[in-house]
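Here's the structure we're looking at; comments come further down.
In UniProt numbering, the protein residues as written are 1 to 273.
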């Protein structure tokens, strides 16, 4: 009897060939969001130049990348981009509430270790209303604090590092204020504290968005929110806040200092280590 196993050895079909991964090919359609695997540059497809795909990031910066095998990541998985058989027609550019170029068919990233802190739940809700889409794509979580009196201790507990950055948005950050003295105690190079000059984040919403000429002037010594509600004839601060938030649809409804502060924080916590 012939030993077939001995004659032919191991089964040539029993190896790893069936489990070998094949990198899928994907048409580089306009507005498809991918990441260059080598550099980490993430952007939407906007065209082709000299055999390379042109990607544009959320800030409008463009870079060209060769169409090499497995050179890009789509939803975190390697893909090979190919030029569509038909010439791509640029789509109308849709904008998020923050004014960034909106991207479609992209999942929110898993949360990074970096964070953005804001002073309270109202600040967090306003930031979500305007920058929520951007932050989900970047994988950055916004966390509300209960004030900043213990900011330096909170920062030490957080443990900032090159790959674990922290951005902090502070209300009423003006020279000589209590807030400015607290912020001065935070010295880590991996922490950026920015802020706006308004007493409360409510005041960072443009009066015109609420249909009023200006925010009421509240006498010193009176709680600011209660004073605003009394002047505008609103019974409870919670009712006033719901009204404020309902009138904010985009960055155009808030003041420039808040916009600048938040854009700086997003850039800081998403900067490559």
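Even for Gly, the Cβ is constructed at its ideal location relative to N, Cα and C.
Taking C-beta atoms as the reference points, residue 119 and residue 186 fail to come closer than 9 Å. Residue pairing by DSSP puts residue 64 in a beta bridge opposite 54.
Per the coordinates, the alpha-carbon of residue 165 lies some 15 Å from the alpha-carbon of residue 262. The Cβ-Cβ distance between residue 167 and residue 131 does not fall below 9 Å. For residue 74, the CB contacts under 7 Å within the same chain, skipping 5 residues up- and downstream, are 26, 34 in chain order.
In this structure, the straight-line span from the alpha carbon of residue 161 to that of residue 150 is close to 20 Å.
For residue 44, there is no enclosing alpha helix (DSSP H); the residue is found in the beta strand (DSSP E) stretching over 42–49.
Looking at 142, 215, 81, 50, the one whose alpha-carbon comes closest to that of residue 28 is 81.
Residue 37 places its beta carbon less than 9 Å from that of residue 78.
In the structure shown, the three-state DSSP call for residue 194 is strand.
For residue 43, the CB contacts under 6 Å within the same chain, skipping 5 residues up- and downstream, are 55, 56, 57 in chain order. Per DSSP, the beta bridge partners of residue 117 are 143, 168. Out of 158, 137, 123, 248, the CA that lies nearest to the CA of residue 200 is found in 123. Residue pairing from DSSP leaves residue 158 without any beta-bridge partner. Boundaries around residue 82 are those of the beta strand (DSSP E), 77–82, since no alpha helix (DSSP H) includes it. Excluding residues up to 5 positions away in sequence, nothing lies with its Cβ nearer than 8 Å to the Cβ of residue 238 in the same chain. Sixteen is the threshold: when 16 or more other Cβ atoms of the shown chains lie within 10 Å of the Cβ of residue 258, as they do, the residue is buried.
Straight across, the Cα-Cα distance linking residue 272 with residue 233 is about 49 Å.
Residue 268 has no beta-bridge partner at all, per DSSP. The beta carbons of residue 31 and residue 45 sit closer together than 9 Å.
Spatial neighbours of residue 206 in its own chain (CB-CB distance under 7 Å, excluding positions within 5 residues in sequence) are listed in chain order as 253, 254, 255.
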